[in-house]
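Single-structure report; data block below.
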Amino acid sequence: MTTQEQEILSQLLQQYRDLPGALLPLLHAIQDAIGHVPDDAVPAIARTLNQSQAEVRGVISFYHDFRTTPPAAHSLRLCRAEACQSMGSEALAAQLRAQLGVDDHGHTADGQLELRPVYCLGACACAPALQLDGQLHARVTPEKLSALLASCSKEGQC
Amino acid sequence: MLTLYIPMDSVACAVGADAVAAEFAAEAARRKLDINIIRTSSRGLFWLEPLLEVDTPQGRAGYREVSPEQVASLLDADLAANGEHLLSVGLVEELPYLKSQQRLLFARAGITSPLSLEHYLAHGGYQGLQHAARLSHDEIVAEVLESGLRGRGGAAFPAGIKWRTVRQAQAEQKYVVCNADEGDSGSFADRMLMEGDPFLLIEGMTIAGLAVGASRGYIYVRSEYAPAIAVLRQAIDIARAHGYLGEDVAHGGHEFDIEVREGAGAYICGEETSLLESVEGCRGTVRAKPPLPALHGLFGQPTLVHNVLSLASVPLILSRGAAWYRNFGMGRSLGTMAFQLAGNVRRGGLVERAFGLTLRELVFDYGGGTASGKPVKAVQLGGPLGAWIPPSQFDTPLDYEALAAIGAMLGHGGAVLCDDSLHLGQMARFAMQFCAEESCGKCTPCRIGSTRGVEVIERLLAAPDAAERQRQRALLDDLCDTMQYGSLCALGGMTPFPVQSAMRHFPADFGLESQEKAR
Ligand SMILES: Cc1cc2nc3c(=O)[nH]c(=O)nc-3n(C[C@H](O)[C@H](O)[C@H](O)COP(=O)(O)O)c2cc1C
Ligand code: SF4
Ligand code: FES
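So the protein sequences, as listed, match chains A and B.
For the first sequence, this note's numbering gives the first residue as 1, with consecutive numbering after it.
For the second sequence, this note's numbering gives the first residue as 1001, with consecutive numbering after it.
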């Protein structure tokens, strides 16, 4: 961790230490601030919450959302659940494989974009749906997906 | 002045509602036109989103699937007088899709501004709490019991019995926990309600806290629903600032406050005991029952765990009375249910109706069949653990018992349509894969069985001849049996439902036609 990250961490530990069931909100807060949960933050988290390091690592690895490495610049979460499948989300996944060479849980060769499957975003009546950098898009077509990807690579921002 | 209503529901925004609102504001400024844009929640008529509504002397006139490019032409038309326009759908309240519904929980959907406490109060909000405050704790519990309300989270357990158990438990501290994990694909009613009418959930939880003697509530929302989390947190602050949460919520010195907790991407955390583990800050593994959460729940204390829609039903039951509520529904399925039409459907959206309409009415009268225009192949009812239902069974009424009789379940009320291009062999494989990915890992039938299930289905689908298919099918049946009867919770226990219903009704997709006929 950088000194700045360490400062953020100790501030958050201070803020959450007395909250009942603090671990999940704390991990979310760390990830929001730093981008991931650095492994060298684990000893301090464990000490502060009076848990073992194994317990803390167990929680981090159990949940799909928590990550221990920095994220790519852009994250694309394509819904692969039934309603989206019935409207062609598998074809969108195939398009991503063909266009960017990126597969589920993978990232593009330049490390700019990572792809994660997600099972339902609550947009099932306007399927297929995806989240790009946290922003929900629905009724996604192959053309719309291409346009979204183009906006990503051009401006470095989606 | 022209008054426009544009939804700010996250799905309406995902198809452009924000951009439309911004363009109206900009274009009106360019024309020096005085307009008033009110951001409402969604009517749940998602096939029309973004749906613009305009105040006219006759009522709110609607314009469908508006895009920013059409804003200028809409302003050219005489909107305030319900002028002619290509996108016009007429008066929204008169649309058959909406008019034929019985909206109790979603009565305010699309009408009010989600974070306006003023709107909420003007549309009947907090009357339930007001009434509850005049009753004793036991009288509130009796009212809920009498209403026949059953949990909307899937298991359909009578709410009143759970309330009575928590009420009678002796403890210093009790909790009300709202299960807002809504992990089922095809479901979005909880999301709509939290984003669109957050005070209704807050009021329901407050009444529950009052009845069972709990002073703290938690709403556990899945992380995929960031906008819902933001709306809830703001609504809670507003309610607290106006004395609807805090030290004295019902003028009897009763304390109640609510905190929102964010999930972290685990389907199993929708199961109530796993959810409690997660709120406590642990891995979301399932606890064995008993002890029931009602007696030994969050932090070991008596806890009332309910789905969003169950809690949101409570204010109406209190304000209108149990007897009134029982007038909706059939048999032992009372009240209304929020059915959700999704997937390959022409008119996808939310349909709130009393229990008892048929799947056929839902799929064809409301849904209008598939979006692709191809024949409907099947509907998966009740999420990823629900059975696939073929059109031959579409006359089944949507009621818990009638569905159980055909080996299906209502679950959370999500109905996912598919046309004949969807391969149900692949969907059966997907069900097993989903279970493998989302298993909490506590018991072997689910953890190992689901991985084996994927392998066996793959072998079945690739089998070179009938004899081999037969062998794999027998193996799969056996495995499903083990999962169904040997799993600790319904994730492992119900994954066989989509798998076996797909095989039973669509044997051709497994290369099994001839064997099935021979049986
Ligand atoms: C695997 C699994 C997932 C579940 N997911 C949810 C869910 O997302 N939302 C929900 O309200 N209930 C869910 N349930 C049901 C809950 O365990 C529990 O029955 C419900 O929260 C009780 O509330 P109710 O009485 O209001 O239905 C799930 C159950 C299982 C076994
Ligand atoms: S059935 Fe699966 S999810 Fe449920 S307790 Fe067993 S391993 Fe966990
Ligand atoms: S199934 Fe994809 S958004 Fe619900």
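By construction, the Cβ of each residue, glycine as well, lies at the ideal position given by its N, Cα and C atoms.
Remember, it's a predicted structure, so these values are computed and weren't measured experimentally.
Contact of Glu1049 (chain B) with chain A by beta-carbon distance below 8 Å involves Cys126.
Within the region 1214-1241 of chain B, Ser1223, Glu1224, Tyr1225, Ala1226 place their CB atoms closer than 7 Å to a CB of chain A, listed in sequence order. Here Ile1035 (chain B) carries a strand assignment [DSSP, helix/strand/coil]. For Ser1042 (chain B), the shortest C-beta to heavy atom distance toward ligand 3 is 6 Å or greater. Straight across, the Cα-Cα distance linking Ala1061 (chain B) with Thr1003 (chain B) is about 11 Å. In the structure shown, Gln15 (chain A) falls within a helical segment according to DSSP collapsed to helix, strand and coil. Cβ neighbours of Phe1506 (chain B) within its own chain (closer than 6 Å, five residues either side excluded): Leu1424. Not flagged as an interface residue toward chain A: Leu1488 (chain B), since no C-beta distance is shorter than 7 Å. Secondary structure in the region 1079-1126 of chain B: the alpha helix (DSSP H) runs of 4 residues or longer, each lying completely within the stretch, are 1096-1099, 1117-1122 in chain order. Under the DSSP definition of a beta bridge, Val1345 (chain B) lacks any partner.
Among the residues of the region 101-134 of chain A, those with a Cβ less than 8 Å away from any Cβ of chain B are Val118, Tyr119, Cys120, Leu121, Gly122, Ala123, Cys124, Ala125, Cys126, Ala127, Ala129, Gln131, Gly134, in the order of the chain. Beta-bridge analysis with DSSP links Asn1179 (chain B) to B:Tyr1220, B:Asn1307. Taking the Cα positions, Val1286 (chain B) is about 28 Å away from Arg1233 (chain B). Just so you know, the alpha carbons of Asp1399 (chain B) and Ala1159 (chain B) end up roughly 17 Å apart. For Glu5 (chain A), the closest Cβ of chain B is not nearer than 7 Å. Burial is judged here by how many other beta carbons sit within 10 angstroms of a residue's own beta carbon; Glu1277 (chain B) has at least 16 and is buried. Looking at the backbone, the Cα of Leu1051 (chain B) and that of Ala1017 (chain B) are separated by about 8 Å.
Residues of chain B with a Cβ closer than 8 Å to the Cβ of Ser89 (chain A) do not exist; the shortest Cβ-Cβ separation is about 11 Å. In this structure, Val1305 (chain B) has its CB closer than 6 Å to one or more heavy atoms of ligand 1.
With respect to Gly1441 (chain B), Gly1154 (chain B) sits apart: the two C-beta atoms are not nearer than 7 Å. With a threshold of 7 Å between beta carbons, Gly1321 (chain B) makes no contact with chain A.
For Met1001 (chain B), same chain residues with a beta-carbon under 6 Å away, outside a window of 5 residues either side, are Asp1034, Asn1036 in chain order. Rounded to whole angstroms, the gap between the alpha carbons of Ala1021 (chain B) and Glu1049 (chain B) is 13 Å. Within the region 1427-1495 of chain B, the runs of alpha helix (DSSP H) at least 4 residues long that lie entirely inside it are, in chain order, 1444-1462, 1466-1486, 1490-1494. Here the alpha carbons of Leu1491 (chain B) and Ala1019 (chain B) stand approximately 40 Å from one another. At least one CB of chain B lies nearer than 7 Å to the CB of Glu82 (chain A). Put simply, the region 1448-1459 of chain B touches the region 1421-1437 of chain B. At least three CB pairs are less than 8 Å apart. Contact of Gly35 (chain A) with chain B is not assigned, every C-beta pair being separated by 7 Å or more. CA-to-CA, the gap between Thr1495 (chain B) and Thr69 (chain A) works out to about 33 Å. Taking a C-beta cut-off of 7 Å against chain B, the contacting residues of the region 36-62 of chain A are Gly58, Val59, Phe62, listed in chain order. Counting along the chain, Ala1415 (chain B) sits inside the beta strand (DSSP E) bounded by residues 1414-1419. For Val1379 (chain B), the enclosing beta strand (DSSP E) begins and ends at 1376-1381.
The contact set of Gln1380 (chain B) on chain A, defined by CB atoms closer than 8 Å, consists of Glu82 in chain order. Nearest C-alpha to Ala1109 (chain B) among B:Ser1274, B:His1296, B:Asp1190: B:Asp1190. Between the region 45-65 of chain A and the region 1312-1321 of chain B there are fewer than three C-beta pairs closer than 8 Å, too few to call the two in contact. In this model, Ala1072 (chain B) and Glu1053 (chain B) are separated by some 15 Å (Cα to Cα).
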